[in-house]
Amino acid sequence: MSPTTRPERRRLRRTLAVLAVASAFLVAGCARTPVGPTQGAFGSAEEASPTPSVIPSSPPIAPTPPSTIPPTPKPTPTDPWDALSKKTKKEFKGCIDKTVGPGSSGSCALLVIKKLKAAKFYPWATTSRINSTSGANAILNYQRSRGLTPTGFVKKKTWLALASKAPALPVTLPKTCRAKGIVICVDQSHRKLFWLKNGKVVKTVKVRLGGYNYLKKKDQKKGEWRVYPTANGTWKVFDKQVDPASENYGSGAMPYSTMFYPDMYVHYSPGFHAVGYAGSSHGCVNVGSLTDAIWIFKHTPIGTKVHIFTLKA
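If you count the sequence shown from 1, you need to add 70 to reach this note's numbering.
Here it is as structure tokens:
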């Protein structure tokens with residue numbers, strides 16, 4: 071090998087120097103790579119910033135589908151006529167839209183009487199004419215017992231009650247009848263008088279009430295056939311008389327009167343005793359038993375509450 075010349079030696083030295091500098095730089099650069107906690111300027115450990123975690127996104131909430139169940143329809147009122155049997159419809163078809171009352175005659179009047187008889191409101195002979203007293207008051211009493219408006223005339227609601235054999239309303243005494251002390255309660259629906267003491271029924275009496283009747287007052291030339299009702303309401307006994315004079319019928323017509331309202335008394339009725347429910351009063355509460363009328367008269371003090379009511383269907 072030939073010895074190197076001076077210029078070559080100088081080039082070699084420069085090359086080695088460059089390589090040394092490059093090696094030093096590479097060593098220093100690797101030392102700066104953090105491998106864990108490093109000491110800060112004040113000697114405290116500085117944690118490397120953690121890689122932020124990725125929060126998984128929730129799945130989208132599906133909207134609630136509209137309900138496919140149809141709303142419950144409101145019940146359509148049904149005609150009671152539709153509930154009747156074919157046989158019953160055939161029987162009542164020619165009468166259901168007719169009005170029958172006092173003085174009516176014919177096949178529809180006969181049908182009314184037969185049905186009232188079956189319901190035990192017409193104990194007399196079956197005819198094809200509605201009498202102005204017994205027939206009309208049988209209709210009235212039937213209507214009261216079924217909670218119908220007592221008119222004495224048969225129209226559609228009464229026809230339907232007769233056709234469907236509607237039951238009588240149950241006996242129900244209002245709260246006012248159960249008050250402290252003595253109370254007289256008159257139930258027009260069942261034609262009963264209840265004599266109560268401190269809320270308990272002590273005595274029950276059959277009574278006859280206002281109905282379809284004739285009245286001719288002394289100052290009138292002509293009387294009138296119509297319904298003379300017993301008024302519903304609450305009153306107090308204001309007087310008692312053994313034999314008060316009647317404005318229209320004179321003495322002896324209203325023995326043992328327990329008076330609770332002008333022209334409306336509880337009293338013994340010879341007419342009720344004689345013919346029963348074939349007639350009616352002009353508004354008074356008739357008692358057909360003299361013994362019962364005397365008992366009520368004696369045991370009912372002035373000031374006693376009297377409550378008269380008619381049940382509704």
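Yeah, the Cβ is synthetic: ideal placement off N, Cα and C, and Gly gets one too.
Cβ pair residue i, residue j closer than 9 Å
| i | j | result |
| --- | --- | --- |
| residue 304 | residue 353 | no |
| residue 162 | residue 232 | yes |
| residue 191 | residue 175 | no |
| residue 224 | residue 243 | no |
| residue 276 | residue 265 | no |
| residue 357 | residue 378 | no |
| residue 327 | residue 337 | yes |
| residue 278 | residue 331 | no |
Three-state secondary structure assigned by DSSP to residue i
| i | result |
| --- | --- |
| residue 367 | helix |
| residue 229 | helix |
| residue 362 | helix |
| residue 207 | helix |
| residue 111 | Its pLDDT being 37, under 50, residue 111 is placed unreliably by the model, and the measurement read from it follows with that caveat. The answer is coil: DSSP assigns residue 111 none of H, G, I, E or B. |
| residue 342 | helix |
| residue 252 | strand |
| residue 202 | coil |
| residue 182 | helix |
| residue 142 | coil |
| residue 290 | coil |
| residue 190 | coil |
| residue 216 | coil |
Cα-Cα separation, residue i to residue j
| i | j | result |
| --- | --- | --- |
| residue 325 | residue 183 | 33 Å |
| residue 401 | residue 371 | Limits of the chain in this structure are 71 at one end and 383 at the other, which puts residue 401 out of reach. |
| residue 211 | residue 291 | 30 Å |
| residue 298 | residue 150 | 31 Å |
| residue 366 | residue 282 | 26 Å |
| residue 221 | residue 213 | 8 Å |
| residue 228 | residue 201 | 18 Å |
| residue 268 | residue 259 | 23 Å |
| residue 197 | residue 203 | 14 Å |
| residue 345 | residue 142 | 56 Å |
Per DSSP, cross-strand counterpart(s) of residue i
| i | result |
| --- | --- |
| residue 379 | 257 |
| residue 330 | Its beta-bridge partners do not exist; DSSP assigns none. |
| residue 63 | Here the chain comprises residues numbered 71 to 383, so residue 63 is not present and cannot be evaluated. |
| residue 310 | 328 |
Closer than 9 Å to chain D by CB, residue i
| i | result |
| --- | --- |
| residue 219 | Looking for chain D here will not work: only one protein chain is present. |
Let me know the alpha helix (DSSP H) ranges lying completely inside the stretch 144-174, each 4 residues or longer, listed in chain order. Runs found: 156-162.
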